[in-house]
Amino acid sequence: MEKILNFIDGTYCESQSGKWLDNYNPSNGAVYSQITRSNASDVDRAYTAAKAAFPTWSNTTLEERSRIMLKISNLLEDRLLSLAEAEAKDNGKPLSLALAVDIPRAASNFRFFANAITQFSSESHESVGLQTMNFTLRQPLGVVGCISPWNLPLYLFTWKIAPALASGNTVIAKPSEVTPMTAYLLGEICNEAGLPKGVLNIVQGTGPEAGQAIVAHPEVKAISFTGGTETGAHIARTAAPMFKKLSLELGGKNPNLIFADCEYDKMLAVTVRSSFANQGQICLCGSRIFVERSIYDKFKSDFVVKVKQLKVGDPFEAKTNVGALVSKSHMKKVQGYIALAQEEGGIVLCGGDEVKVKGLEEGYYLEPTVIEIEDDQCRVNQEEIFGPVVTIMPFDTETEVLQMANSVKYGLSATLWTSNIDRTMRLSKELEAGIVWVNTWLNRDLRTPFGGMKASGVGREGGFEALRFFTEAKNVCIRYE
Ligand code: NDP
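Numbering (the working numbering), first residue to last: 1268 to 1748.
Structure representation (structure tokens):
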């Protein structure tokens, strides 16, 4: 059985624990590989390698750093098919999605930050009349930690690693134990691209053990974390007494606000996608759908027809729209919410059941589920489900829908469908979300700030924001005669 190893100091190695974790293929429920189970002593080893690599890497010219990172990007593209297959097998997502989104975006992350670092600049402030000049040095932090979740495995792993490396840090990174495979494969790509050993170290294992050891390591200067809100709070508690820099990208419960004056057909098609792409397991999925009452009944019937057409099945089948959920325990959690919705008075308009896919009966498949609710405060409309489940309900006024959109603890993204520019401006300002999409969804320019408000996180990544996060700003003040 294939072994998934740590990548430390440019070499694949087993954890010093000698212990292994099973890695499941969600499409058929079978264990198909084993993950080395790292602990604090492996993180220490990774730290030693990263620390040793830091002086050289942080003084490597921007041109050279950029050249190596572009090479990593090209190698990711060259291996599009094999990496996409690995991602689909490890995560359960449709291969078509991994081919179109996950792996191309991982390559873009490296390309984007390889280029961005050559354009990154700092400020100077002349204190006119005082014979004093200030300039800002932006220096890499040292050894930093990057921890990512299972839903977009290589996509989010590289979203953190690329800016950390571009700005001259050395890295200890941990993917989710649920989806370790593509992070594992990244190690050999980095070697092939000529990334010096120790610059990127990848530690495999569980969150509470390996992840916690990275966060708790006193010499790891910053943590960039994407994952659940509770885990984020725990990380903040661990890191705060050491005054580490933290970037936390956490959960979401994103609203779609659909007004009668929108471009209806486009809205309908995109709303199906924003509800169920990646089995609804994208932090940016719009899981609360509010529709203006005058088009509510039409939307309800059209939406349900389209959702019923989605094909749930084998991630490797070209026609599959919805693959397997990531794990059995996650599927149980999502099913628990579907049951709760009914207890709370919600009406399941379609879906709700497990799907047995022929030949893959032990896989974790669920029907895309639409639940009509009456009270926006019900738990299914307030808590993050992170699966193929959306709620729908009507609204009458802009004020009412804004109030409902904002009355959750999260604030990651919001999607607005309208052709009214005044309303667009009013709501864009009032919506409590780090990203507001208007007449579009998941439209990403990597230069833009990315992150959430409220319980969806602290800090922004993306573009120069990420390079600022991974550098320390130092003011140098020179008085001259
Ligand atoms: P988790 O919070 O469970 O895990 C995220 C990562 O943190 C994993 O690598 C996990 O390891 C690790 N981890 C767990 N416990 C600790 C710990 N004590 N110390 C350090 N690391 C730890 O999230 P999920 O993987 O379940 O991902 C789903 C969540 O991620 C959802 O809430 C979703 O909304 C959010 N998310 C947010 C995004 C954003 O940009 N805001 C984007 C994508 C997802 P392991 O899995 O091995 O336990």
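Ideal placement from N, C-alpha and C gives every residue a C-beta, glycine not left out. All values derive from a computational prediction rather than experimental measurement.
Proximity winner among the options, relative to residue i (alpha-carbon distances)
i, options, result
"R1334", "L1517, E1269, F1526 and A1433", "A1433"
"L1535", "E1281, N1458, T1682 and S1596", "T1682"
"G1590", "D1581, H1597, I1688 and N1742", "D1581"
"S1391", "F1379, R1405, A1381 and S1300", "R1405"
"M1223", "E1628, Y1632, K1573 and V1572", "Past the edges of the chain, shown from 1268 to 1748, lies residue 1223, and the structure says nothing about it."
"G1478", "S1686, V1310 and K1741", "V1310"
"K1318", "N1588, S1340 and H1484", "H1484"
"L1709", "I1525, A1544 and T1498", "A1544"
"G1519", "T1278, I1302, G1547 and H1501", "G1547"
"G1654", "I1549, K1567, R1555 and K1625", "I1549"
"Q1386", "Y1451, T1666, E1732 and R1746", "E1732"
"E1516", "R1727, A1297, I1302 and E1330", "R1727"
"L1288", "A1480, R1378 and M1448", "M1448"
"A1381", "Y1747, F1717, I1414 and P1430", "P1430"
"P1522", "R1346, E1699, K1270 and A1672", "A1672"
"N1302", "T1505, K1270 and F1717", "For clarity, residue 1302 is Ile in the given sequence; the question names Asn instead. Of the listed residues, the one whose Cα sits closest to I1302 is K1270."
"L1577", "G1619, E1634, D1345 and Q1398", "E1634"
"K1533", "G1730, F1736, E1330 and V1705", "V1705"
"R1746", "Y1314, E1330 and E1393", "E1393"
Sequence-distant residues of the same chain with beta carbon closer than 7 Å to residue i, five excluded per side
i, result
"W1324", "G1435, T1437, P1463 and V1466"
"R1646", "L1607 and E1611"
"A1409", "The sequence shown places Gly at residue 1409, rather than the Ala named in the question. Correct list, in chain order: F1321, N1436 and K1488."
"C1280", "L1272 and N1273"
"A1460", "I1335, K1338, I1339 and L1342"
Spatial distance of residue i from residue j (CA atoms)
i, j, result
"P1322", "V1411", "14 Å"
"R1711", "I1370", "15 Å"
"C1751", "F1570", "Residue coverage of the chain in this structure runs from 1268 to 1748, which leaves residue 1751 outside it and unanswerable."
"M1268", "V1482", "31 Å"
"V1445", "I1614", "32 Å"
"R1714", "T1327", "24 Å"
"T1738", "K1512", "10 Å"
"V1470", "L1453", "12 Å"
"P1420", "S1541", "19 Å"
"L1734", "K1623", "46 Å"
"F1583", "A1355", "7 Å"
"Y1299", "K1441", "20 Å"
"R1636", "A1383", "In the sequence on display, residue 1636 carries Thr and not Arg. Cα to Cα, T1636 sits roughly 41 Å from A1383."
"D1642", "V1537", "25 Å"
"L1592", "V1579", "11 Å"
"T1685", "K1741", "45 Å"
"N1458", "T1278", "9 Å"
"D1689", "T1666", "14 Å"
"A1503", "I1414", "13 Å"
"Q1398", "S1389", "20 Å"
"D1345", "K1573", "35 Å"
"S1507", "N1376", "The sequence shown places Ala at residue 1507, rather than the Ser named in the question. Rounded to whole angstroms, A1507 to N1376 spans 29 Å at the Cα level."
Nonlocal neighbours in the same chain, by C-beta distance under 6 Å from residue i, ignoring five residues either side
i, result
"Q1670", "none"
"E1476", "N1306"
"I1702", "S1680"
"G1494", "P1416"
"K1286", "R1304"
"I1640", "G1613, N1648, T1658 and M1660"
"R1312", "I1275"
"Y1422", "D1369, R1372 and A1373"
"S1284", "R1304 and N1306"
"V1668", "L1524, F1557 and F1662"
"A1450", "F1424, P1442 and I1469"
"T1707", "none"
Cutoff 9 Å: residue i Cβ touching any chain C Cβ
i, result
"F1662", "Here chain C cannot be found, since the structure has a single protein chain."
Cβ neighbours of residue i in the same chain (closer than 8 Å, five flanking residues each side left out)
i, result
"A1351", "L1362, A1365, L1366, D1369 and I1370"
"V1743", "N1401, F1402, T1403 and L1404"
"L1348", "L1366"
"K1567", "V1558, L1616, E1639 and I1659"
"M1509", "P1485"
heavy atom of the ligand SAH below 8 Å from residue i C-beta
i, result
"A1429", "The ligand SAH is not part of the structure shown, which contains the ligand NDP as its ligands."
When you compare the segment 1482 to 1491 with the segment 1680 to 1694, are there three or more beta-carbon pairs, one atom per stretch, that lie closer than 8 Å? no
The segment 1720 to 1727 in contact with the segment 1669 to 1677 per 3-pair CB rule at 8 Å: yes
Do the segment 1351 to 1363 and the segment 1293 to 1304 make contact, defined as three or more Cβ pairs closer than 8 Å? Yes, since at least three Cβ pairs between the segment 1351 to 1363 and the segment 1293 to 1304 fall closer than 8 Å, the two stretches touch.
Report the residue ranges of all alpha helix (DSSP H) runs contained in full by the segment 1609 to 1662; include only those spanning at least 4 residues, in chain order. 1646 to 1649
Could you tell me whether the segment 1554 to 1564 touches the segment 1524 to 1531, using the rule of 3 or more Cβ pairs below 8 Å? The way I'd put it, the segment 1554 to 1564 does touch the segment 1524 to 1531; three or more beta-carbon pairs between them come closer than 8 Å.
Just to confirm the assignment: which complete alpha helix (DSSP H) runs, minimum length 4, are found wholly within the segment 1330 to 1361? 1347 to 1358
Does the segment 1363 to 1383 come within contact of the segment 1421 to 1428, defined as at least 3 CB pairs closer than 8 Å? Contact between the segment 1363 to 1383 and the segment 1421 to 1428 is present, because at least three Cβ pairs lie under 8 Å.
Please list the segments of the alpha helix (DSSP H) lying wholly inside the segment 1474 to 1514, counting only runs of 4 or more residues, in order along the chain. 1479 to 1483 and 1496 to 1506
Hey, which unbroken runs of the alpha helix (DSSP H) at 4 residues or more fall wholly within the segment 1405 to 1445? The segment 1405 to 1445 contains these whole alpha helix (DSSP H) runs: 1420 to 1433.
Taking only runs of the alpha helix (DSSP H) that begin and end inside the segment 1679 to 1737, which ones reach a length of at least 4 residues, in chain order? 1688 to 1697 and 1730 to 1736
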